[in-house]
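Written out below as structure tokens is the structure these notes cover.
In the working numbering, the protein residues as written are 156 to 357.
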């Protein structure tokens, strides 16, 4: 219905006819909205199927040859270079696995640094854990060890999440911003067990 022809159909004093016209207009708007919403839901469902097929929502170990393909072909990706014997890498694993389930649109993977000599050299990885975030193939964040996480082992997952959110790799407006309290963190600091990658320290 074309609303520009209302004056042709209704006298100013005919309130019943006006009400009927408004109902018809609202019905048309509602039908149009429903159709648009249905199209949007179909599009989102298709995107979710593609992401599920490409292991979004999981946190898997991949080989070096797969890292380049994932980070260039996936709009949002986070890669954790780890060492299986480093305790802090295991802590990071636990947090990233939870975030992978929460932030489905981001592809989370991990790669054994010992099996990635080319990337270790290319990215100049010297300290583990090493987490790198990509947006459309461009590096937007690097987390070296636990330096940006207060250099403590019991950091809150929300702190890691907030760093990734600020980088743009995670988009969630409901995330709470982290307020730093250096005094409290200093009191809770424990012995750092982040090792320089390639060192002989046990």
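For every residue, glycine included, the Cβ atom is placed at its ideal position computed from N, Cα and C.
For residue i, the three-state DSSP class (helix, strand or coil)
i	result
residue 267	strand
residue 297	strand
residue 234	strand
residue 287	strand
Inter-residue Cα distance where the pair is residue i and residue j
i	j	result
residue 241	residue 251	16 Å
residue 215	residue 325	18 Å
residue 300	residue 211	25 Å
residue 281	residue 184	59 Å
residue 258	residue 217	19 Å
residue 234	residue 291	14 Å
residue 227	residue 286	16 Å
residue 267	residue 193	43 Å
residue 219	residue 270	7 Å
residue 249	residue 296	19 Å
Start-to-end residues for the alpha helix (DSSP H) that takes in residue i
i	result
residue 312	312 to 322
residue 273	272 to 277
residue 222	219 to 228
Assigned exposure category for residue i - 16 Cβ within 10 Å defines buried
i	result
residue 196	exposed
residue 262	buried
residue 320	buried
residue 229	buried
residue 265	buried
Assumed close pair residue i, residue j - CB separation to whole angstroms, cut-off 8 Å
i	j	result
residue 302	residue 254	The pair is not a contact, with the Cβ atoms about 19 Å apart (cut-off 8 Å).
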